[in-house]
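Asks: Below are the structure tokens for one structure; questions will follow.
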């Protein structure tokens, strides 16, 4: 197992302090669902603003998207994503952040509600940001559950960071999507805090994982039945901004396969190989080797979990990363 040596755990978290500085709000833009390479924009380095990231949004530019713009719950066919705008919140407040990711993305004004804090609360977007939610299915506890999708996750942007790594920034708890079913698309502070702390801890323990950039209180209450006893209560709302090279899951491939959409399945496999497994490009048996590598990465991931005593709790195929990363920290334990 070859993993980069992690930095000291003491450098992971920083407590937020308040500062005031204004800047101009960006105008939200909607992505085109065409999924055509011909329309792909050239990566543009965004400097002297809130996020240092070279945009390279291949997911929404090369793969077919949902032509509908509404967030009403529905079955989405022939598309791997839907355009979705985050729902603004009343009074965002930065609670915690990863210092390594903050430095990497040069988020100097992360604690400023009129600056980059507004980005990760879902209150504003930068030019070129074309948010979306992903369409996938999954087997849950041994049974096929059909279409699931990002019910409360909205990806903001993907690109190349200053150190060369690919990053997709995703808000969890940013409002309803076409995949929310009857839910509100929001998240509560207790579950968001658990995900933030554990994903960063796992990273610094050397376990392959998605990361957490920051944790933001929304200033709004969310009704949840914590113990499923029919007595829901209001809880503080929160949003966690997750970061990963990709959030592609096993379920992304299962859904088109279950629908007999071989063309879409093939397109997704070839896209994944080209973007996320470039060492397999041009190989005559690339798809077979890709499948074998996914199996190996997943086995290695579970070995890491055993090494640190981690129990995922909901290891369903909609919660399994094609890159062998720990994803979706729900009812985990040790």
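In our numbering, the protein residues as written are 930 to 1263. From the three backbone atoms N, C-alpha and C, an ideal C-beta is built for every residue, glycine too.
Judging by CA-CA distance, which residue of 1029, 1088, 1034, 1102 is the nearest neighbour of residue 1016?
Replies: Nearest option by C-alpha distance: 1102.
Asks: Decide if residue 1114 is buried, meaning its Cβ has at least 16 other Cβ atoms within 10 Å, or exposed.
Replies: Flag for residue 1114 reads buried.
Asks: Which value, in whole angstroms, describes the spacing of the CA atoms of residue 1245 and residue 1217?
Replies: C-alpha separation (whole angstroms): 23 Å.
Asks: Would residue 1182 be called buried (16 or more neighbouring beta carbons within 10 Å of its own) or exposed?
Replies: Buried, because 16 or more other Cβ atoms sit within 10 Å of the Cβ of residue 1182.
Asks: Got a sec? Which residues, its chain only, sit under 6 Å from residue 1226 by beta carbon, not counting five neighbours each side?
Replies: Only 1253 meet the Cβ criterion.
Asks: Check residue 1028 in the structure and name its three-state DSSP category.
Replies: Helix at residue 1028.
Asks: So, helix, strand or coil for residue 1091, using DSSP?
Replies: Correct three-state label for residue 1091: coil.
Asks: Within 10 Å of its beta-carbon, does residue 1131 have 16 or more other beta-carbons around it, so buried, or fewer, so exposed?
Replies: Buried, because 16 or more other Cβ atoms sit within 10 Å of the Cβ of residue 1131.
Asks: Could you tell me the distance, in whole angstroms, from the CA atom of residue 1100 to the CA atom of residue 1078?
Replies: Taking the straight line from one Cα to the other gives about 14 Å.
Asks: Please look up how many angstroms separate the CB atoms of residue 1262 and residue 1231, rounded, as I've assumed it's under 8 Å.
Replies: Residue 1262 to residue 1231, Cβ: 15 Å. No contact.
Asks: With contact counted as at least three CB pairs below 8 Å, one residue from each stretch, are the region 1201-1218 and the region 1145-1159 in contact?
Replies: No: the two stretches stay apart, fewer than three of their Cβ pairs being nearer than 8 Å.
Asks: Compute the Euclidean distance between the alpha carbons of residue 1127 and residue 1258, then round it to the nearest angstrom.
Replies: In a straight line, the C-alpha of residue 1127 is about 8 Å away from that of residue 1258.
Asks: State the beta-bridge partners of residue 1234 as determined by DSSP.
Replies: Answer is none; residue 1234 lacks a bridge partner.
Asks: Which same chain residues end up closer than 8 Å to residue 1210 when comparing Cβ atoms and leaving out the 5 residues on each side of it in sequence?
Replies: Closer than 8 Å at the Cβ level, and outside the excluded window around residue 1210, lie 1202, 1203.
Asks: Suppose only complete runs of 4+ residues qualify. What are the alpha helix (DSSP H) ranges in the region 1174-1207, listed by chain order?
Replies: Listed in chain order, the complete alpha helix (DSSP H) runs (minimum 4 residues) inside the region 1174-1207 are 1179-1187, 1191-1205.
Asks: Using DSSP bridges, identify the partner residues of residue 1170.
Replies: Answer is 1100, 1143, bridged to residue 1170.
Asks: Within the chosen definition, does the region 1051-1068 reach the region 1022-1038 through at least 3 CB pairs nearer than 8 Å?
Replies: Not touching, per the Cβ criterion.
Asks: Taking 8 Å as the threshold (C-beta atoms), are residue 1124 and residue 1141 in contact?
Replies: Contact: yes.
Asks: Rounded to whole angstroms, what's the CA-CA distance from residue 1155 to residue 1167? Just pull it up for me.
Replies: Using only the alpha carbons, I get a separation of about 16 Å.
Asks: Could you say if the region 1173-1193 and the region 996-1011 meet the contact criterion of at least three C-beta pairs nearer than 8 Å?
Replies: Verdict: yes, contact present.
Asks: Looking at residue 1081: is its Cβ nearer than 8 Å to the Cβ of residue 1050?
Replies: Cβ atoms of residue 1081 and residue 1050: not closer than 8 Å.
Asks: Rounding to the nearest angstrom, what Cα-Cα distance links residue 1174 and residue 1091 in this structure?
Replies: If I take the Cα positions, the gap works out to 14 Å.
Asks: Alpha carbon to alpha carbon, what distance is there between residue 1116 and residue 1157?
Replies: Approximately 16 Å between the Cα atoms of the pair.
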